[in-house]
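When we follow my numbering, the leftmost residue of the sequence shown carries the number 20, and every step to the right adds one.
Idealized CB from N, CA, C, for every residue including glycine.
Being a predicted model, the structure only gives us computed values, none of them experimental.
Worksheet: the structure to be examined is printed underneath.
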Amino acid sequence: MNLISTVRQYYLGHFDELPSDKQFHFASRLAAWENLPAAHDKLKLLRQTIAPEKEIEKSLAALLHSPPEAKINAASTRQAYFEQYSELRPFMLALFRVRHLRDIYGIAARESLLELVSEDQLGDLASQLMEDEKAMRVLSTYAVNYLYLLDHILFKDRDGTCLDVQRLYDIGRAAQANDPEEIQLFIYFYTHCIIGESNFYLWQTRSSYRSIYQRMIEDLESLIGKNFRNINLDNKLEFLVCCRILSYASKLESKIYQECTQSISIEGDFLVDTLNDFAQSEKTSFSDSEHRNVLFIMSGSPYRHAA
């Protein structure tokens with residue numbers, strides 16, 4: 020698809036116009052997915068921003084105590100749960116940093132994190148979340164990312180794991196996904212189970228859980244097909260990426276790509292929401308559209324870590 024190449028080249032050509040967090044997100048995804056040399060080169064240049072020498076513990080402490088602001092989907096609906104589980108977002112961000120340091124830069128920082136927060140604290144939060152099904156469904160991406168980072172990616176050797184994949188499937192399936200916001204959170208819940216399983220595009224899915232992830236993707240296909248106009252383009256493209264991870268041929272692919280070809284920004288060669296009734300109207304700039312566009316690029320080629 021020529022549009023994918025055009026968007027890739029546009030982001031690479033205007034890469035320096037992105038803030039560092041968007042640069043890292045874009046480059047790390049294409050390095051993992053495509054093994055793109057240009058993406059690896061960008062990551063080398065970003066190393067001191069992500070992994071400042073002799074300041075790793077200080078940077079982790081900053082994430083724990085002063086997490087950066089972000090544009091959060093369904094923010095008002097989630098706010099009460101963010102307040103109830105106030106440790107979730109800072110813990111998740113710190114775990115992400117440790118993961119990035121290990122898997123992208125080859126730097127071991129798990130012990131540095133445990134100097135700041137105990138493994139018991141990390142595990143207790145995971146246990147609390149898994150007992151609160153409503154919070155899991157509303158927090159969605161944040162809760163799922165946290166569980167996979169803790170129990171599958173960084174602390175696979177710990178006792179008392181909370182990552183029960185069948186239970187995650189059941190929690191999601193019990194969701195009342197009727198209005199567009201509920202549908203959005205449901206889609207992100209399942210897609211981030213699959214993405215977390217892949218360690219954010221670096222690993223194969225474990226064969227023992229593949230049938231559960233297959234059911235997730237089939238449920239998502241059915242939901243998206245029935246509610247196509249009420250689902251934003253980010254959700255649809257993340258669904259296609261998960262189809263690639265599972266080597267699943269979706270009957271919705273051509274319809275989603277048709278929407279992409281009609282969703283090009285007037286400001287440049289990148290995608291914005293234009294054809295659906297739940298568009299991300301606050302995320303239309305080149306920078307704020309990065310997530311949508313890197314998913315579009317990834318969706319256009321097979322997952323190279325597939326079994």
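Item to check | C-alpha gap between Ala89 and Tyr209, whole angstroms | outcome: C-alpha separation (whole angstroms): 22 Å.
Checklist entry - Considering only residues of the same chain and omitting the five flanking positions on each side of Ile213, which have a CB-CB separation below 6 Å? => result Within the same chain, Ile213 has close Cβ partners Tyr232, Cys261, Ile264.
Checklist entry - Is it the case that the Cβ atoms of Leu271 and Ile243 are separated by a distance below 8 Å? => result Yes, they are a contact pair.
Item to check | Nearest to Gln42 (by Cα), restricted to the options Glu240, Gln223, Glu309 | outcome: Comparing Cα-Cα distances from Gln42 to each of Glu240, Gln223, Glu309, the minimum goes to Glu309.
Checklist entry - Asp335: which of Phe258, Thr224, Leu252 sits nearest, CA to CA? => result Because the chain in this structure spans residues 20 to 326, residue 335 falls outside the shown range and cannot be described.
Checklist entry - How about Leu294 and Ile283: do their beta carbons lie closer than 8 Å? => result With respect to the 8 Å criterion, Leu294 and Ile283 are not classified as neighbours on the basis of their beta carbons.
Checklist entry - Any idea if Thr280 is buried or exposed, counting beta-carbon neighbours within 10 angstroms, 16 or more meaning buried? => result Exposed, by the Cβ-count rule.
Checklist entry - Mapping DSSP to helix, strand and coil, what is Leu135? => result Leu135: coil per DSSP, three-state reduction.
Item to check | Where the alpha helix (DSSP H) through Cys212 begins and ends | outcome: Unbroken alpha helix (DSSP H) run through Cys212: 199–216.
Checklist entry - For the alpha helix (DSSP H) that contains Trp52, what are its first and last residues? => result DSSP places Trp52 in the uninterrupted alpha helix (DSSP H) bounded by 39–53.
Checklist entry - Between Lys63, Arg234, Lys274, which lies nearest to Tyr188 when the distance is taken from Cα to Cα? => result With distances taken between Cα atoms, Tyr188 lies closest to Arg234.
Checklist entry - Hey, how far is the Cα of Phe315 from the Cα of Leu256? => result Straight-line Cα distance between these residues: approximately 6 Å.
Checklist entry - With respect to the alpha helix (DSSP H) encompassing Ser273, which residues constitute its N-terminal and C-terminal limits? => result First-last of the alpha helix (DSSP H) with Ser273: 272–280.
Next on the checklist: Assuming Pro56 is part of the alpha helix (DSSP H), what are its boundary residues?
Outcome noted: Run containing Pro56: 56–69, per the alpha helix (DSSP H) assignment.
Next on the checklist: Counting C-beta neighbours from all protein chains within 10 Å, is the total for Asn21 16 or more, i.e. buried, or is it exposed?
Outcome noted: Exposed is the call here.
Checklist entry - Ala93 and Leu204: beta carbons closer than 8 Å? => result A Cβ-Cβ contact shorter than 8 Å links Ala93 with Leu204.
Checklist entry - Quick one: what's Thr290 bridged to in DSSP? => result The amino acid at residue 290 is misidentified as Thr; the sequence shows Leu. Answer is Ile283.
Next on the checklist: Along the chain, where does the alpha helix (DSSP H) containing Asp122 start, and where does it finish?
Outcome noted: Start and end: 107–124.
Item to check | Per-residue burial, Arg323 [other beta carbons within 10 Å of its own, 16 or more giving buried] | outcome: Sixteen is the threshold: since fewer than 16 other Cβ atoms of the shown chains lie within 10 Å of the Cβ of Arg323, the residue is exposed.
Next on the checklist: So for Glu374, helix, strand or coil by DSSP?
Outcome noted: A query on residue 374 cannot be resolved here, the shown segment of the chain reaching from 20 to 326 and no further.
Checklist entry - Should Arg177 and Glu130 be called a contact, given that it needs their Cβ atoms to be closer than 8 Å? => result Against a cut-off of 8 Å, the Cβ pair of Glu130 and Arg177 comes out as no contact.
Next on the checklist: For the alpha helix (DSSP H) containing Thr96, name the first residue and the last one.
Outcome noted: Per DSSP, Thr96 belongs to the alpha helix (DSSP H) from 94–103.
Checklist entry - So what does DSSP say about Asp1, is it helix, strand or coil? => result This structure cannot speak to residue 1, because the chain is shown only from 20 to 326.
Checklist entry - In terms of residue numbering, what span does the alpha helix (DSSP H) encompassing Tyr167 cover? => result Tyr167 -> alpha helix (DSSP H) spans 160–167.
Checklist entry - So is Lys77 buried or exposed if we call it buried at 16+ other beta carbons inside 10 Å? => result When all chains shown are included, Lys77 counts as exposed.
Item to check | Beta-carbon proximity check, Ala58 vs Leu64, cutoff 8 Å | outcome: Contact: no.
Item to check | Any 3 or more C-beta pairs closer than 8 Å across the region 212–228 and the region 193–204 | outcome: Judged by pairs of C-beta atoms under 8 Å, the region 212–228 does not touch the region 193–204, as fewer than three such pairs exist.
Next on the checklist: Would Thr96 and Val163 qualify as a contact pair, given that the criterion is a beta-carbon distance under 8 Å?
Outcome noted: The Cβ atoms of Thr96 and Val163 do not sit closer than 8 Å to each other.
Next on the checklist: To the nearest angstrom, how far is the alpha carbon of Ser2 from that of Glu72?
Outcome noted: In this structure the chain extends from 20 to 326, so residue 2 is not present and cannot be described.
Item to check | Status (buried if at least 16 other CB within 10 Å, exposed otherwise) for Arg186 | outcome: Within a 10 Å sphere around the beta-carbon of Arg186 sit fewer than 16 other beta-carbons, which makes this residue exposed.
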